[in-house]
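Line by line, the protein sequences give chains E and H.
Numbering of the first sequence is given in this note's numbering, commencing with residue 407 and proceeding in unit increments.
Numbering of the second sequence is given in this note's numbering, commencing with residue -5 and proceeding in unit increments.
Yeah, the Cβ is synthetic: ideal placement off N, Cα and C, and Gly gets one too.
Since we're looking at a predicted model, the values are computed, not measured.
Notes to accompany the following structure.
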Amino acid sequence: MNYPMISRRAPWAIFALAVFTFAGHAAQAQAQAQAQAQAGYSAPALYNLANAYARSGKPGLAILNYERARLLEPNDPDIDANSSHVRAAAGLPPQFRSRFERVAGFASPRILAWVGIIGLLTAGVGVLARQVYPRHRRKLLAMALVGIALVGMTIGSGIALWPIMHEAVVITQTAPVRVSPVPIEEPVFELPEATIVRMIEEHDGFVLIRTQAGRTGWAQRANVAPVVPKH
Amino acid sequence: MRVRMLRQSAVIAAIALGLFAAAAASAAAPSVDASIEPSQIEVGESARLTILTSGSGALSVTLPVVPGLEFRVVGQSRQIQMVNGATIESTSTIVRVTPEEAGVFTIPGVTPTSPPLVLRVNPSGGSGSSSLRGNGASPDQLPFVPGGSNTHGIRLTPDGSAFVQLEIPKHEIYVGESVPVEIQVGMRDGFVASINGLPKLNSSDFTLNNLSHQPERAPKAIDGKPFTVYTWRSVLAAVKPGNYSLTFETPLTVRIRTRPQRDSMLDDLLGDPFLQNIFGATVQKNVSVTSPEAPITVLPLPAQGRPPGFGGAVGTFKVSTDISSAKNIAGDPLTLRMHVTGAGNFDRVESPMLGNDGQWKTYEPKATFNSADPIGYRGEKVFEQPLIATQPGARTIPPLEFNYFDPGTRRYETARSAPLNVTVSPPADLAANAPPPANAAGAPVDESHGGLRPDHTVTETRVDSLIPPYFEPRFVGLSSVLALLFGGGWVALRRRERDARDTQRQRQRARSQLTQTLLAQMAAASTAGDAAGFLNAARSTLQQTLGARWEVAPEQITEALVEAQLEGDDKDDIRQIFALADEANYSGDDLQAADFERWTQIVGRRLGEETTA
């Protein structure tokens, strides 16, 4: 077991694992989110926590933390490899990422945010200077185009990450999905643990979800955890 | 007298009708059944004799004659049933029996082969038997059965309104064995108001599983009487060996007839129980109806021959296996499924599936049961187990075994599946037997934890939120402010440029109008021969034109400036115009007509050049 290493590196991860041992997954995920929110997020810590969950035989929480780590480090091959490994071990199909998503995720969103600011400044200055100094119109036009390209990279990254903002992971062994948000109704289908779904709406302890196959229904909020926690 | 004649006519008509009905019936053998209810009354009360004829053929039915008893036909009903294409007709004749004195009366059978009936009549207000008189029967010989009458294997309640019956296919079972059973509750139409609960098993040594909540409902004729039979199905299982008697109990609400009134004509008209119900001749009462005891022997499972992996499954089962894919890549998961089909106690059907070995990495299986019937006695239980081939090559999944006890053969059986062959190829990006993939830092895969890559070194760099910064309000606000600033600046610059262009255009327009005016003045002065006016207008025209070109005020255009800046052939002529205009203002010299024309051409040419420029 590798928990001592984790304890040296991320004390809140051990706290989350202790909660996991004695409580349900939903409470565990909530406690983990609170602990992480207080301590801050880092890709290595989330990755290590996901590994710990994977070793504990909890693929749902492992995938959840891999997805969170991927938000901060989109190009970490270890995150991709371990996430694929856990998904395969859980009997889930491999996660498909389009070329656009791969290209848009070439850098961290935090870096791309600053790139976008710089691009906006560059494009703005270039456009204004082009009006003031018409003799250098071509050079200033090129400068403005470079700035617009930088802003475009940020916008592309945002478009690629926007769906993830509404994704959630099934953290219980199964998540019954019903037609309406009432617990007494018979479920129409069940989602296995570690399945990634899209959250559409919340109502009275239930979440309207859509699977990657396009099936929709209401799952209990305690059965799923959002990739991006709401504070 | 008239009433008596009417009664006799009714008796004759009823008997004739009964005889006709018996004669007209076809196919079935004729039968006559008679019952009297209640079998014990007091003087002043009446009993009801029901004569039921069913089947076909001629049958002679005559009203009995018993001294001390008065028989009077009060009603008759007739039913025709179609069973498998055959017509069965039954006629029920209701006869009111009124005793004239206390005693025990034996009523002879209505046919020579019918058994006699006994009516016990107590004195009014008492139930003692010492003063009983009658036609010969003694009280000890009363054929009274507390549980009701046994007819066709069914034990009816004493009033014949309902029955509960347990249908069990075998009376010798094993511990843990599941046996499908049927619980039938029959209710005579018009006599039972409601069922107040599910049938309840009166034994703690058995379990009743999957009792259907909605029973099947079917009509049934028992001794010619219409019944509605409700059937529940369930699975019975014994928890310990021994000899038992099973009974089922069902709460019902029945309608009990009140005693008939001796001289009521209405009672005669209401001889039919249904009409009696309508007119309030019955009361409702909650009763509990119990089925006849069903003996059953529960045998223990034999210890001899019990396999080590036996989990308590009793029944008849078959086993088969399949794999999600016969071709796979090392490291990718497969799903091994074992199908157990048959009949028995599926809740005890368990299997560890495939264990860990050098070839396969296995995980805990999951089981699902698909029932083929509503009670879960027959069906299929599917075990699914994820597998991962650890090494490439041709691999074989060994046969899976399942042990159960077969009550038919009375011995333990082992069902085996066929082996499965799987071809495992190496990963596409790695050669066979290559070391596991390394992480970004070049470290080997953490083999001790199922192929996960090792943990990363945690840095102190942390962020407050997982939300990408460009989705945060402060980033959106900053970007918006910058975009607005740049946009506003661009708009301001564009507007300033446009305004400047507009000012220039206005100046040109004003200059053009002024030039036209001056040219008109030149033309007027030329016509009038006014040399000074002509030369001043020409000079002003040239000042306007050159001032616009040199971007200076027209008043600042002087002869010296023209001399300094103007180039071309017209330079001297224009300078001369400026000089002549000054001279003409003071000297008053006149110009010749040719001079007017010449200076006009020079000014016009100059205007044309400036316009072209």
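Item                                                                                                                                                                                   : Value
Using a beta-carbon distance below 7 Å, is GLY483/H in contact with chain E?                                                                                                           : yes
So that I know if they touch, is there some Cβ in chain E lying closer than 7 Å to that of PRO235/H?                                                                                   : no
At the 7 Å Cβ level, is HIS450/H part of the contact set with chain E, yes or no?                                                                                                      : yes
Please decide whether ASP486/E counts as near chain H, where near means a Cβ-Cβ distance under 7 Å.                                                                                    : no
How many angstroms separate the CA atom of ILE35/H from the CA atom of VAL223/H?                                                                                                       : 31 Å
For ALA412/H, which of helix, strand or coil comes out of DSSP?                                                                                                                        : coil
Might you give, ordered along the chain, the residues of its own chain that have their beta carbon closer than 7 Å to the beta carbon of SER319/H, omitting 5 neighbours on each side? : LEU328
Name, please, each residue of chain H whose Cβ falls closer than 8 Å to the Cβ of ARG516/E.                                                                                            : VAL457, PRO462 and PRO463
Rounded to the nearest angstrom, what separates SER206/H and GLU176/H at their Cα positions?                                                                                           : 10 Å
Per DSSP, what kind of secondary structure is ALA581/E in: helix, strand or coil?                                                                                                      : strand
Measure from the alpha carbon of ASN629/E to the alpha carbon of each residue in ALA600/E, THR622/E, GLY620/E and ILE606/E, then state which is nearest.                               : ALA600/E
Counting only the same chain and skipping the five closest in sequence on each side, list residues whose C-beta sits under 7 Å from that of TYR357/H.                                  : GLN379 and PRO380
Let me know the secondary structure DSSP gives MET181/H once reduced to three states.                                                                                                  : strand
Comparing C-alpha positions only, which one of TYR238/H, GLU591/H, VAL233/H and ALA588/H sits nearest to ALA288/H?                                                                     : TYR238/H
For ARG149/H, decide whether its Cβ has a neighbour in chain A, counting only Cβ atoms nearer than 7 Å.                                                                                : The structure shown contains no chain A; its protein chains are E and H.
Against ASP326/H, what residues of chain E qualify as contacts under a CB-to-CB distance less than 8 Å, listed in chain order?                                                         : ALA494
DSSP three-state label for GLN626/E, please.                                                                                                                                           : strand
Closest to GLU491/H by C-alpha separation, out of GLN618/E, LEU534/E and GLU596/E, would be which residue?                                                                             : LEU534/E
Helix, strand or coil for PRO174/H? Go by DSSP, reduced to three states.                                                                                                               : strand
If you drop the 5 nearest sequence neighbours on each side, which residues of the same chain put their C-beta closer than 8 Å to that of GLU607/E?                                     : VAL613 and LEU614
Span of the beta strand (DSSP E) holding HIS609/E?                                                                                                                                     : 602 to 609
Would you call the stretch 544 to 561 of chain E and the stretch 488 to 505 of chain H touching, i.e. three or more CB-CB distances under 8 Å?                                         : no
Are there three or more Cβ pairs, one per stretch, closer than 8 Å when the stretch 54 to 69 of chain H is compared with the stretch 102 to 118 of chain H?                            : yes
Write down the C-beta distance between VAL115/H and PRO93/H rounded to the nearest angstrom, noting that I regard them as a contact closer than 8 Å.                                   : 4 Å
Among ARG227/H, PHE221/H, LEU230/H and SER282/H, which has the Cα closest to the Cα of THR247/H?                                                                                       : SER282/H
In chain E, what lies closer than 7 Å to LEU476/H by C-beta?                                                                                                                           : LEU526, LEU527 and GLY530
With a threshold of 7 Å between beta-carbons, can GLY562/E be considered close to chain H, or not?                                                                                     : no
Does any CB atom of chain E fall closer than 7 Å to the CB of ARG447/H?                                                                                                                : yes
Would the stretch 389 to 409 of chain H count as touching the stretch 344 to 353 of chain H if we require 3 or more Cβ pairs under 8 Å?                                                : yes
Specify, as a first and last residue, the run of the beta strand (DSSP E) that THR201/H falls within.                                                                                  : 200 to 203
To the nearest angstrom, how far is the alpha carbon of GLY352/H from that of ALA388/H?                                                                                                : 14 Å
Around the Cβ of ALA587/H, are there at least 16 other Cβ atoms within 10 angstroms (buried) or fewer (exposed)?                                                                       : exposed
List, from N- to C-terminal side, the alpha helix (DSSP H) runs of 4 residues or more that fit wholly inside the stretch 190 to 239 of chain H.                                        : none
Can you name the residues of chain H whose CB is closer than 9 Å to the CB of ILE554/E?                                                                                                : None at all; the shortest Cβ gap to chain H is about 12 Å.
CA-CA distance, ALA19/H and ALA212/H?                                                                                                                                                  : Since pLDDT at ALA19/H reaches only 42, below the 50 mark, its modelled position is unreliable, and the value read off the structure follows with that caveat. Each residue's alpha carbon lies about 25 Å from the other.
Run down chain E in chain order and give the residues with a C-beta less than 8 Å from the C-beta of PRO380/H.                                                                         : ALA495, ALA496 and GLY497
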